[in-house]
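Here the protein sequences line up with chains A and B, keeping their order.
Numbering of the first sequence is given in our numbering, commencing with residue 1 and proceeding in unit increments.
Numbering of the second sequence is given in our numbering, commencing with residue 1001 and proceeding in unit increments.
Even for Gly, the Cβ is constructed at its ideal location relative to N, Cα and C.
These notes are about the structure you will find just below.
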Amino acid sequence: MSRVIEHRARQYRRTFRASVFSSFGIPALFLAAMGFGLGVYVDRSADSVLAGVSYLQFLAPGLLAATVMQTGSFEASFPILNGLQWSRTFHAMYATPLRPRDVALGNIAWIAARLTLVASIFAVVIVLFGASRSPLIVLAIPVAVLTGLAFATPIMAFTATQRRPDRFATIFRFGVTPLFLFSGTFFPIESLPWFLQPVAWLSPLWHGVVVSRALMLGTIGDAPVLALIHVAILVAIAGAGALLAIRTIDARLEKG
Amino acid sequence: MSGLMTEETGTNPPLIRARGLTKRFADFTAVDGVDFDVARGEAFGFLGPNGAGKTSTMRMIGCTSPISEGELRVLDMDPKRDGPKIRARLGVVPQQDTLDSELTVRENLMIYGRYFGLPREECARRADELLEFVQLTDRGKDLVEPLSGGMKRRLTIARSLINEPDVMLLDEPTTGLDPQARHLVWDRLYRLKQRGVTLVLTTHYMDEAEQLCDRLVVMDKARIVAEGSPRELIDRYSSKEVAEFRFAPGIQETLDGQFDGLADRIERLPDRVLLYADDGDDVVVAARSRGLHPETVLVRRSTLEDVFLRLTGRSLIE
Chain A
1 MSRVIEHRAR
11 QYRRTFRASV
21 FSSFGIPALF
31 LAAMGFGLGV
41 YVDRSADSVL
51 AGVSYLQFLA
61 PGLLAATVMQ
71 TGSFEASFPI
81 LNGLQWSRTF
91 HAMYATPLRP
101 RDVALGNIAW
111 IAARLTLVAS
121 IFAVVIVLFG
131 ASRSPLIVLA
141 IPVAVLTGLA
151 FATPIMAFTA
161 TQRRPDRFAT
171 IFRFGVTPLF
181 LFSGTFFPIE
191 SLPWFLQPVA
201 WLSPLWHGVV
211 VSRALMLGTI
221 GDAPVLALIH
231 VAILVAIAGA
241 GALLAIRTID
251 ARLEKG
Chain B
1001 MSGLMTEETG
1011 TNPPLIRARG
1021 LTKRFADFTA
1031 VDGVDFDVAR
1041 GEAFGFLGPN
1051 GAGKTSTMRM
1061 IGCTSPISEG
1071 ELRVLDMDPK
1081 RDGPKIRARL
1091 GVVPQQDTLD
1101 SELTVRENLM
1111 IYGRYFGLPR
1121 EECARRADEL
1131 LEFVQLTDRG
1141 KDLVEPLSGG
1151 MKRRLTIARS
1161 LINEPDVMLL
1171 DEPTTGLDPQ
1181 ARHLVWDRLY
1191 RLKQRGVTLV
1201 LTTHYMDEAE
1211 QLCDRLVVMD
1221 KARIVAEGSP
1231 RELIDRYSSK
1241 EVAEFRFAPG
1251 IQETLDGQFD
1261 GLADRIERLP
1271 DRVLLYADDG
1281 DDVVVAARSR
1291 GLHPETVLVR
1301 RSTLEDVFLR
1311 LTGRSLIE
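Put into structure tokens, the structure is as follows:
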């Protein structure tokens, strides 16, 4: 498994600088535009809605989890299809002592490492913007990574059943993007019509956003058991996705 | 490259042994109960057209495709149980390239060595040695993508040698290469054979099988239809020589019955007539005296192509 990670790391070396740069730049741009720009208007009426929290502070944890989700979703689609279908490098791995489960778990571990980097850089930007109220933001990093994995592992399982990228657009259009918008990232789900609120419960992103927000606002102590349930749900989704990904990647590599 | 040398082992079981080996997919049977043995140090070939079951057989030997039925032993181990252990001692050259185009030529070798658990310094040492062997030393720092098809094949062969394998599995090693590139690959494979590496290869090129294989099986429609050395197969299923007559379009159809008795065996293909005999020139003389005037006449030694035609009634190259 570690050899698979090593392979991905070698590939990554070529795009490392550009990747780190955009990991800094994108969150800074988002926080500046929405937190400062849009926030000015929101904050005029914020006291009643956000209970004394500035919009920037409300937004930052949501964006953190949502950005990591997007990176995780992407990493589980095209790069995985590349290894299975285009460059076929995963088949090359299977011709060595590596097993399909090493390929699956190695890639998941690699994605986890990538997401940790993205989340950490984002957290630094948030602190620089003064958008976190609590040092517990450090714990929001693993929560965001877990959120990303809850998307990455099921998507990876799906990717291993595909030969062409056609359906990725569907996943992003009807899955990732709506969840990005309606999982409490930009506004509390209580603002949604009552019949849509239970739908947010189904979104792994919402669970990640709620916990990240509680950590960064310093309110995690208010409902610690509920936070643990949210985390447990994320662990369950990510774990189930990983088991499924092992199975579909195994089947795909055996098929050739 | 000392690991590539193999010691004398007369009494050991065959490196690969298959009995009733079968591969079934949902809707068809790719390999239907084949038996064969591959001995240490030999070059063993699977000859047959596309879809005959060669690749499926190779993938079962390579422990990347589970067998459906029958018995298969590779390096005296069971692929089902010991897949990773067996694969550790194989060198695989797949039909489709699986090189990583995002890495350089040398990095491709390095990381592949790492998959086998070799230490980095050892990977580096072997990578340099192998680049030398396949004449790619000056391309080591280049990315894979701009390489020609022949260079990629050589790199794939180098990669398959990084673990100093006991057996090389080559699935159509020269398909799609131009003649020069093919000869270079053959030359490298021949050198490996000289060093005692066991080669198992599939091909649909007769000349490749004749050049490289000590022994081969002819596969057709998921079964083995003949087995032997190239020479034995030619002796058994063909004649010493073949006279090929080619007629102007439309003429051949008017010649029914006119070839009878001219040769031991006559094969009429759409574009030419093949006459099998021990002396091809005699056939030509006899045909001319019957008043047959082909546009072109070719007398040649019989090849595996003729064997295949005899065994299956079809030409190997569609």
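- Rounded to whole angstroms, the separation of the alpha carbons of B:Gly1228 and B:Val1283 is 28 Å.
- Residue pairing of B:Val1074 in beta bridges, as defined by DSSP: B:Ile1016, B:Met1077.
- Residues of chain B with a Cβ closer than 9 Å to the Cβ of A:Gly106 do not exist; the shortest Cβ-Cβ separation is about 10 Å.
- Three or more beta-carbon pairs separated by less than 8 Å link the segment 1096-1113 of chain B to the segment 1138-1150 of chain B, which places the two stretches in contact.
- DSSP places B:Val1031 in the strand class (E or B) of the three-state scheme.
- In this structure, the CA atom of A:Pro188 is about 21 Å from the CA atom of A:Phe122.
- The C-alpha of B:Pro1294 lies about 38 Å from the C-alpha of B:Val1185.
- By the Cβ-count criterion, A:Trp194 is exposed, with fewer than 16 other Cβ atoms from all chains shown falling within 10 Å of its own Cβ.
- By the C-beta density criterion, B:Lys1054 is buried, having at least 16 other C-beta atoms within 10 angstroms.
- DSSP, read as helix, strand or coil, puts A:Ala76 in coil.
- In terms of beta-carbon proximity, B:Gly1033 stays away from the interface with chain A, with every pair separated by 9 Å or more.
- By DSSP's assignment, B:Phe1036 forms a beta bridge with B:Ala1018.
- Taken through DSSP and simplified to helix, strand or coil, A:Gly39 comes out as helix.
- For the segment 5-34 of chain A, the set of positions with a beta-carbon nearer than 8 Å to some beta-carbon of chain B reads Glu6, His7, Arg10, Gln11, Arg14 in chain order.
- Annotation for B:Glu1227: the continuous beta strand (DSSP E) segment containing it runs 1223-1228.
- Residues of chain B with a Cβ closer than 7 Å to the Cβ of A:Arg252 do not exist, since the nearest Cβ in that chain sits about 11 Å away.
- Put simply, the segment 76-83 of chain A touches the segment 151-164 of chain A. At least three CB pairs are less than 8 Å apart.
- Spanning the alpha carbons of B:Val1034 and B:Lys1152 requires a straight line of approximately 32 Å.
- A contact between stretches requires three or more CB pairs, one per stretch, nearer than 8 Å, and the segment 1233-1253 of chain B fails this requirement with the segment 1081-1088 of chain B.
- Listed along the chain, the chain A residues whose CB falls inside 9 Å of the CB of B:Ala1043 amount to none; the nearest CB is some 20 Å away.
- The segment 1108-1125 of chain B makes contact with the segment 83-103 of chain A: 3 or more CB pairs, one atom from each, lie closer than 8 Å.
- In the same chain as B:Leu1192, and ignoring 5 residues on each side of it, the C-beta atoms closer than 8 Å to its own belong to Leu1004, Leu1161, Met1168, Leu1199, in chain order.
- With contact defined as three or more Cβ pairs closer than 8 Å, the segment 1068-1081 of chain B and the segment 1016-1033 of chain B are in contact.
- Within chain B, no residue has its beta carbon less than 7 Å from that of A:Gly208; the closest one is some 31 Å off.
- Between B:Leu1047 and B:Thr1203 the beta-carbon gap is near 6 Å, inside 8 Å, which marks them as a contact.
- For B:Thr1312, the enclosing alpha helix (DSSP H) starts and ends at 1304-1312.
- Contact with chain A is absent for B:Leu1015, since none of that chain's Cβ atoms lies less than 9 Å from the residue's Cβ.
- At least 9 Å separates the beta-carbon of B:Arg1301 from that of B:Tyr1237.
- Under the criterion of beta carbons closer than 8 Å, A:Gly35 and A:Leu56 qualify as touching, at roughly 3 Å.
- Membership of B:Phe1044 in any alpha helix (DSSP H) is not indicated; the residue belongs instead to the beta strand (DSSP E) covering 1043-1047.
- Residue pairing from DSSP places B:Thr1104 in a beta bridge opposite B:Leu1143.
- Non-local beta-carbon contacts of A:Phe90 in its own chain, meaning distances under 7 Å to residues more than five positions away in sequence, involve Gly83, Leu84, Val103, Leu253 in chain order.
- The Cβ-Cβ distance between A:Ala65 and A:Leu205 falls below 9 Å.
- If you draw a 10 Å sphere on the C-beta of A:Leu234, you find 16 or more other C-beta atoms in it, and that means buried.
- If you check each beta-carbon in the segment 1082-1104 of chain B against every beta-carbon of chain A, the ones closer than 8 Å belong to Gly1083, Pro1084, Lys1085, Arg1087, Ala1088, Leu1090, Val1092, Pro1094, Gln1096, Asp1097, Thr1098, Leu1099, Asp1100, Ser1101, Glu1102, Leu1103.
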